[in-house]
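Residue numbers (our numbering): 6 to 438. Note that the Cβ used here is the ideal one computed from N, Cα and C, for glycine as well. Here the structure comes first, spelled out in structure tokens, and everything after it is commentary.
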Amino acid sequence: MLEKLKEGLRKAIDKLRGTVDKSKIDEMIIEIQRALLASDVDVNLVFQLSEKIRKRALEEKPKEGLTLKEHTIYVVFEELANILGKEAKIKLEKGRIMLVGLFGSGKTTTAVKLANFYRKKGMSVAVTSCDTYRPAAMEQLEQLAKKANISCFLLKEEKDPRRIATIALEELKKYDIIIFDTAGRDALDEELAKELVDLANIIKPIEILLVVPADLGQVAGIQAQEFNKLVGITGIIVTKLDSTAKGGGALTSARFTDSTVKFITVGEKIDDIELYDSKRFVSRLLGFGDMETLMEKVKEVAKPEIAEKIIKEDFDLEDFCAQIEMMQKTGPIDKILEMLGLRIPQSKNIDLNIQEKKMEKWKHIVKSMTIEERKNPEIIDNSRVRRIARGSGVKEEDVRELLSTYKNMKKMMKVMKKPLLRGGLDIFKKFKL
Ligand SMILES: Nc1nc2c(ncn2[C@@H]2O[C@H](COP(=O)(O)OP(=O)(O)OP(=O)(O)O)[C@@H](O)[C@H]2O)c(=O)[nH]1
Ligand SMILES: [Mg+2]
6 MLEKLKEGLR
16 KAIDKLRGTV
26 DKSKIDEMII
36 EIQRALLASD
46 VDVNLVFQLS
56 EKIRKRALEE
66 KPKEGLTLKE
76 HTIYVVFEEL
86 ANILGKEAKI
96 KLEKGRIMLV
106 GLFGSGKTTT
116 AVKLANFYRK
126 KGMSVAVTSC
136 DTYRPAAMEQ
146 LEQLAKKANI
156 SCFLLKEEKD
166 PRRIATIALE
176 ELKKYDIIIF
186 DTAGRDALDE
196 ELAKELVDLA
206 NIIKPIEILL
216 VVPADLGQVA
226 GIQAQEFNKL
236 VGITGIIVTK
246 LDSTAKGGGA
256 LTSARFTDST
266 VKFITVGEKI
276 DDIELYDSKR
286 FVSRLLGFGD
296 METLMEKVKE
306 VAKPEIAEKI
316 IKEDFDLEDF
326 CAQIEMMQKT
336 GPIDKILEML
346 GLRIPQSKNI
356 DLNIQEKKME
366 KWKHIVKSMT
376 IEERKNPEII
386 DNSRVRRIAR
396 GSGVKEEDVR
406 ELLSTYKNMK
416 KMMKVMKKPL
426 LRGGLDIFKK
436 FKL
């Protein structure tokens, strides 16, 4: 996601090597400007930001215990986070959510991702479609919802979106959250405008979220303004951040309204949606790692104790099994590593696409081990392998495979830990972020 911007910003921070002085800070600012402009952030905004960074880096007294370099990085972090929005606040209360946006912006797919997001927060959720404009729009929502096991209400024959909204409200009233997908158009024409205003009046949503694709860049700001004037949007969802370099422009679009970017989507899968928090986002861009989002993902499926161990790289075979299980649920490891601000070379990657069956086998194997073996798998020699295999009814090579995967993962934890400490975690601790 936003690889170019990331690269550019990291290159900028790299300019601070050695003793930091005014000329190094200027060099860094030029790199930041380049990166942001390439990401389609508004020129004036970029210049304002540059001035602020320059002034604060050179004139502000560094916080206690910080070197000038750390101070400068912190200023860059804060100012970038400022222009890239705020921390999104969402209401976890009963109500209706209405998605609006132009053709192909990602409304229908986002409706289901969003439903899944709220469901994970423990709420009952249903989706419905008021898109009577595009052929097969309802079938698309139906299929996506079915795949994700989300309740979906449709009136496929009805041609009036207002009637659909009215009936859906009644039919779905037992749900905590009802998400309304709406039709798109090439532009916000009169017909669409009227339809959306009517729908908003019927649905009375607690959130009207404008869905904009990241590749719109700065144009997203103009759209936000238009839709805001029309129906008063409460937030923006920037989609397809995974597939464009222009995301910076879209992410800064909320400043034309009094709303904020609330969610971003970063892929086509149902879990590829995140609550947007510019501080977290910028820390990821700068390579400090997004510890909070990572921890949140981990917490969704694992106990906090295990999460701690993952970070501390202090885990035994039992934790290992728990961790593999968790990663099967949290998704591919490369995404988790990206949140840690890391890119692991392909060769070092571990294939975590391990089928349920193998997991089951591994659990049996671990059960056949002594406590000491679980704590220190290093002591397991050939004769112990044989005994464990017999005890758990598997082949010796299965035991070896488990041990070698464990070893690889431990190695990877080491790789993960170093840049974390070197990169920004230390700084983040100092700032108590
Ligand atoms: N790579 C990527 N593709 C996405 C993302 N979100 C949506 N898409 C794709 O964008 C395309 C359009 O998405 P839809 O959800 O159909 O968009 P829509 O706004 O409902 O479109 P209309 O109903 O025609 O107005 C689909 O092919 C989606 O799979 C994303 O975050 N990343
Ligand atoms: Mg649609």
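Kindly examine ligand 1 and report whether one of its heavy atoms sits closer than 7 Å to the Cβ of residue i.
i    : result
D276 : no
E83  : no
S397 : no
F108 : yes
E200 : no
S248 : yes
E273 : yes
T24  : no
K152 : no
T133 : no
V266 : no
V216 : yes
K251 : no
K161 : no
T244 : yes
T171 : no
T270 : yes
T77  : no
T239 : no
T115 : yes
Give me the residue from the options with the minimum Cα distance to residue i.
i    : options                : result
V271 : S258, K380, G240, G252 : G252
V224 : E163, I211, V243, L104 : V243
L407 : F325, K60, K112, L174  : F325
E98  : Y123, K91, G106        : Y123
L107 : D186, E402, A205, E279 : D186
G127 : V105, L149, M103, K96  : K96
A229 : D45, A255, K20         : A255
A62  : V46, V81, V48          : V81
T265 : E330, I241, D220       : I241
G222 : V105, S248, L149, L214 : S248
K412 : T114, E163, R379       : R379
K20  : E36, L10, K9, K11      : E36
Q148 : Y138, T113, K267, T137 : T113
G13  : A141, E196, I269, G292 : G292
K152 : K274, K366, K416       : K274
A198 : P166, G90, V25, T171   : P166
G90  : G226, V48, E196, N387  : G226
M414 : A141, V48, D321, V202  : D321
C135 : Y79, V202, I169        : I169
Whose C-beta lies closer than 7 Å to the C-beta of residue i among residues of the same chain, with five residues either side of it excluded?
i    : result
I88  : L50, L54, T257
L85  : V287
D282 : E92, A93
R101 : I183, F185, I208, K209, P210, I211
K439 : Nothing about residue 439 can be read from this structure; the chain reaches only from 6 to 438.
I213 : M103, V105, A205, V236, G237, I238, T239
G111 : V216, P218, T244, K245, T270
T262 : A229, Q230, N233, I238
E176 : F158
A17  : M33, E36, I37, A40
Skipping 5 residues on each side, what residues in its chain have a beta carbon closer than 8 Å to that of residue i?
i    : result
P67  : L73, E75, H76
L7   : S44, L246, A250, G252, G253, L290
A526 : No information on residue 526 is available, as it lies outside the stretch 6 to 438 that the chain covers here.
G23  : K29
Q59  : Checking the displayed sequence, the identity of residue 59 turns out to be Arg instead of Gln. Cβ neighbours of R59 beyond the five flanking positions: I30, D31, I34.
E142 : As written in the sequence, residue 142 is Ala, which differs from the Glu given in the question. Excluding positions up to five away in sequence, the list reads T113, S134, D136, D186, A188.
In chain order, what residues of the same chain have a beta carbon less than 6 Å from the beta carbon of residue i, not counting five sequence neighbours either side?
i    : result
M296 : Confidence is the limiting factor: at M296 the pLDDT is only 49, short of 50, which leaves the residue's position unreliable and the question unanswerable from this model.
S397 : H369, I370, S373
A173 : T133, F158
L41  : V51, G253
S129 : Y180, D181
E32  : K20
E279 : I269
Y138 : A188
K363 : none
Under 7 Å from any heavy atom of ligand 2, by CB: list those residues in chain order, please.
This selection yields K112, T113, D136, R139, A142, Q145, D186, G189.
Quick check on the DSSP output: what are the complete alpha helix (DSSP H) runs of length 4 or more inside the region 169 to 197, in order along the chain?
Residue ranges of uninterrupted alpha helix (DSSP H) with 4 or more members are absent from the region 169 to 197; none lies entirely inside it.
Quick check on the DSSP output: what are the complete alpha helix (DSSP H) runs of length 4 or more inside the region 39 to 82, in order along the chain?
Complete alpha helix (DSSP H) runs here, min 4: 48 to 64.
Enumerate, from N- to C-terminal direction, the unbroken beta strand (DSSP E) stretches of 3 or more residues contained entirely within the region 222 to 304.
Counting only unbroken stretches of 3 or more residues, the beta strand (DSSP E) elements lying wholly within the region 222 to 304 are 240 to 244, 265 to 270, 278 to 280, in sequence order.
Please give the ranges of any beta strand (DSSP E) in the region 362 to 391, keeping only runs that are unbroken, at least 3 residues long and fully inside the region.
Whole beta strand (DSSP E) segments, 3+ residues: zero.
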